[in-house]
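Going by numbering that gives the first Met the number 0, the letters in the sequence shown line up with residues 0 to 611, in that order.
To start, the structure under review is shown below, and the notes come after it.
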Amino acid sequence: MVLRRIAPILLALLLTSPIASARPPNKATPKEAAAFVKKADAELRRLWVAQSKADWAKQTNITPETEAAAAAAGSAAMTWITSAIKDARRFEPLLKTGKLAPDVERQLVLLRVAGQPAPDDAQKTKALAEVMAGMDAEFGKAKACDAEGTCRDLGELDEILSTVASPGADPAALEAAWRQWHDTIGRTLAPMYPRFVALANEGSRAIGYRDVGEMWRSGYDMTPAEFETTYRALWEQVKPLYASLHCYVRRRLSERFGDAVVPKGGPIPAHLLGNMWAQDWTYLFPLLEPFPGRPRVDATPALVAQGYDAVRMVKLAETFFTSLGMDPLPATFWERSMFVKPEGREVVCHASAWDVEYANDLRIKMCIEPNHSDLITIHHELGHDYYYNHYYTAPVLFQTGANDGFHEAIGDTLALSVTPAYLKQVGLLDSVPVDDEGALNQLMYLALDKVAFLPWGLLVDQWRWDVFSGRTGPADYTARWWELRRELQGVAPSGDRTAAGLFDPGAKYHVASNTPYARYFLATILQFQFHRALCKARGHTGPLHTCSIYGSPEAGKPLRDMLRLGASRPWQDALSVVAPGERAMDPSALLAYFAPLKAWLDTQNEGQRCGW
Ligand code: X8Z
Ligand code: ZN
Numbered sequence: 000m001v002l003r004r005i006a007p008i009l010l011a012l013l014l015t016s017p018i019a020s021a022r023p024p025n026k027a028t029p030k031e032a033a034a035f036v037k038k039a040d041a042e043l044r045r046l047w048v049a050q051s052k053a054d055w056a057k058q059t060n061i062t063p064e065t066e067a068a069a070a071a072a073g074s075a076a077m078t079w080i081t082s083a084i085k086d087a088r089r090f091e092p093l094l095k096t097g098k099l100a101p102d103v104e105r106q107l108v109l110l111r112v113a114g115q116p117a118p119d120d121a122q123k124t125k126a127l128a129e130v131m132a133g134m135d136a137e138f139g140k141a142k143a144c145d146a147e148g149t150c151r152d153l154g155e156l157d158e159i160l161s162t163v164a165s166p167g168a169d170p171a172a173l174e175a176a177w178r179q180w181h182d183t184i185g186r187t188l189a190p191m192y193p194r195f196v197a198l199a200n201e202g203s204r205a206i207g208y209r210d211v212g213e214m215w216r217s218g219y220d221m222t223p224a225e226f227e228t229t230y231r232a233l234w235e236q237v238k239p240l241y242a243s244l245h246c247y248v249r250r251r252l253s254e255r256f257g258d259a260v261v262p263k264g265g266p267i268p269a270h271l272l273g274n275m276w277a278q279d280w281t282y283l284f285p286l287l288e289p290f291p292g293r294p295r296v297d298a299t300p301a302l303v304a305q306g307y308d309a310v311r312m313v314k315l316a317e318t319f320f321t322s323l324g325m326d327p328l329p330a331t332f333w334e335r336s337m338f339v340k341p342e343g344r345e346v347v348c349h350a351s352a353w354d355v356e357y358a359n360d361l362r363i364k365m366c367i368e369p370n371h372s373d374l375i376t377i378h379h380e381l382g383h384d385y386y387y388n389h390y391y392t393a394p395v396l397f398q399t400g401a402n403d404g405f406h407e408a409i410g411d412t413l414a415l416s417v418t419p420a421y422l423k424q425v426g427l428l429d430s431v432p433v434d435d436e437g438a439l440n441q442l443m444y445l446a447l448d449k450v451a452f453l454p455w456g457l458l459v460d461q462w463r464w465d466v467f468s469g470r471t472g473p474a475d476y477t478a479r480w481w482e483l484r485r486e487l488q489g490v491a492p493s494g495d496r497t498a499a500g501l502f503d504p505g506a507k508y509h510v511a512s513n514t515p516y517a518r519y520f521l522a523t524i525l526q527f528q529f530h531r532a533l534c535k536a537r538g539h540t541g542p543l544h545t546c547s548i549y550g551s552p553e554a555g556k557p558l559r560d561m562l563r564l565g566a567s568r569p570w571q572d573a574l575s576v577v578a579p580g581e582r583a584m585d586p587s588a589l590l591a592y593f594a595p596l597k598a599w600l601d602t603q604n605e606g607q608r609c610g611w
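Laid out in structure tokens, this is it:
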């Protein structure tokens, strides 16, 4: 590890030494920049492959040994990248002069935001890598036990919450499941998180950022301040749609569980939305269906009745991608992926997609169950894998999304075409909604997924930006969390959550694993933008929600052209490849998609006191 840290410094000294050239030190040349980028590509590739191998080993088999190996690989990568970023500073005078080859310049820009940097101290770097690997592992292993000594993992507790719309659902039991998870994982992570924040900030300061939040906001081909403005402006545009949905949902929940449980005019209790984080409300659909008795819009009953297993579900999703002209997944995908929760070892069940070797070594890791939600998540994960598949021959710094929201949006874009008509075509629905009433059912179902998600997608990083900047200190972590959830989502916990030792943000995987979250908010906007553009490419006319791009190589072509770019161009350029003429993230496609539902909701909400 120490040697790796020294190597780039030696290289830098050699390259700038007056002995090595007659030029004064620090006058770096374009040729040196090109050589630097080439070497960085080789070294990063080696370190990242080692890191993803160790991470894969850990996440599919959590033991003290695999955790330690993942931390060591993380520490090595962090250390190297930090000194490389510092070395690369001498090329800064060459940026934006037109003297550098565009690919060299782009790689230098991307290097600065390519990974968590290390603090200026080997011991602290080790501690940072350990706390990061440790939080992720604790989250994966966690079990919450009730008073009778029955212990459940996150999947089992979330499943209890998902029964909210079933006839005998007991709010007290739902609240207990919610509380058990939050109390257990929160208490485990509470002492780790402040340590992590301090060390991670030291790392980002070592390369010139004020804090980790500023570093994260620097990855969008605009200034961090411009990004923040863009982010908030997007939310302001979609907020009225969310508010209409919230109003209608609260009223129906109030009718179902009574005013005492769901007070009129106030936030909705967080345990009554069918999901541990209230980020996906689709399990409420039976309570909210605009026109009951219509054909179902989810494939769960058919998946169960037809005995679908995990592999068959993944094969079905793969067919969607190949129908657009993409290649089948490589044989190694089927050999190396983890599709179901294994017996006898601890794993991270939270779904993810990998190219472990940065060389088309595609895999997914999921604990698949035969239900509609997991079928959609499989499309999401394969979206990541197909992005990898289109750019794996590029320099390693280009092997990422045009921005991180793009990466999250690809599979979801395809999943927007998993319409009732498509499900009928593949034998997973008997009949499809044909009239406006059926369409409203379909739109409601999707809104409970996409529209309900928006404020949650926004707030996770709003909270982390405050935490990393120091605006919110450790004593206020949970209080600030609930302030944001109340203000943006209109959701509240039952009872006080500010007692010492609780840490509710830690109940979410991405906080424990330090995965940025703004990407999912952006992806929710972008996927409708992509969908609108691809539907146009396919020649679809008529309302957006009736379009499916299944089986359309005409839609596949611009999508694939964008995927191939990876991060080699600013995201604005990548966007205009898939959506000619568009260079901004724009919620108008999402708003148009849900416009009929918005009109219906607003009629339903007449005379109601909306808001919270
Ligand atoms: O984490 C994910 C994916 C893996 S990138 C399953 N998602 C977010 C979440 O679960 O919170 C997809 C939707 C949002
Ligand atoms: Zn994802």
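Glycine included, each C-beta is placed from N, C-alpha and C at the ideal position.
Please read all numbers here as calculations on a predicted model, not as lab measurements.
The C-beta distance from Asn60 to Arg362 rounds to 14 Å, too long to fall under 8 Å, and the pair is not in contact. The three-state secondary structure of Ala164, taken from DSSP, is coil.
By the criterion of at least three beta-carbon pairs nearer than 8 Å, the region 332 to 342 is not in contact with the region 132 to 151. By a beta-carbon distance limit of 8 Å, Tyr476 does not contact Val490. Their separation comes to about 18 Å.
For His379, the distance from the CB to the nearest heavy atom of ligand 2 is below 7 Å.
Inter-segment contact for the region 397 to 410 and the region 269 to 286 is absent: fewer than three beta-carbon pairs are separated by less than 8 Å.
Set against 7 Å, the gap from the CB of Ser351 to the closest heavy atom of ligand 1 is smaller. Sequence-distant Cβ neighbours of Asp157 in its own chain, meaning closer than 7 Å and more than five residues away, are Asn274 and Met275.
Using a C-beta cut-off of 8 Å, the region 517 to 532 makes contact with the region 580 to 592, since at least three inter-stretch Cβ pairs fall below that distance.
Nearest C-alpha to Ser165 among Pro492, Val417, Asp434 and Arg255: Arg255. In its chain, beyond the 5 residues on either side, Phe338, Val339 and Ile367 have a beta carbon closer than 6 Å to the beta carbon of Ala309. For the pair Leu483 and Val237, the CB atoms are not nearer than the 8 Å cut-off. In this structure, the alpha-carbon of Glu225 lies about 9 Å from that of Tyr219. Between the region 312 to 321 and the region 441 to 458 there are fewer than three inter-stretch CB-CB distances shorter than 8 Å, so the stretches are not counted as touching. Pairing Ala511 with His539, the inter-Cα distance amounts to about 42 Å. In this structure, Arg295 and Leu428 form a Cβ contact; the two beta carbons are roughly 7 Å apart against a cut-off of 8 Å. Under DSSP, Leu361 forms a beta bridge with Asp354. Pro542 and Glu436 have their alpha carbons spaced roughly 14 Å apart. Exposure of Ala259 is indicated by the presence of fewer than 16 other C-beta atoms within 10 angstroms of its C-beta. A distance criterion of 7 Å places the beta-carbon of Tyr519 in contact range of ligand 1, judged by its closest non-hydrogen atom. The three-state reading of DSSP puts Arg111 in coil, since its state is none of H, G, I, E or B. Taking the Cα positions, Thr28 is about 12 Å away from Val36.
Residue pairing from DSSP places Arg151 in a beta bridge opposite Ala143.
Considering only Trp177, Thr412, His371 and Ala189, the residue with the shortest C-alpha distance to Gly382 is Thr412. Rounded to the nearest whole angstrom, the CA to CA distance from Gly505 to Ala172 is 22 Å. Counting the other Cβ atoms within 10 Å of the Cβ of Thr62 gives fewer than 16, which makes it exposed.
Segment contact: the region 368 to 378 against the region 411 to 425, three or more CB-CB distances shorter than 8 Å; contact assigned. For the 8 Å CB-CB criterion, Asp354 and Tyr385 do not form a contact. The beta carbons of Asn388 and Glu288 sit about 38 Å from each other, so the pair does not count as a contact at 8 Å.
Per DSSP, reduced to three states, the secondary structure at Ile267 is strand. Met221 carries a coil assignment under DSSP once its states are collapsed to helix, strand and coil. Between ligand 1 and the CB of Thr96, the shortest heavy atom gap is not smaller than 7 Å.
Residue Leu160 holds the alpha-carbon nearest to the alpha-carbon of Thr281 among Asp210, Leu198, His181 and Leu160.
Counting along the chain, Lys507 sits inside no alpha helix (DSSP H), nor does DSSP assign it H or E at all. According to DSSP, residue pairing for Ala491 in a beta bridge involves Pro268.
Non-local beta-carbon contacts of Gln115 in its own chain, meaning distances under 7 Å to residues more than five positions away in sequence, involve Met77, Ala199 and Gly202 in chain order.
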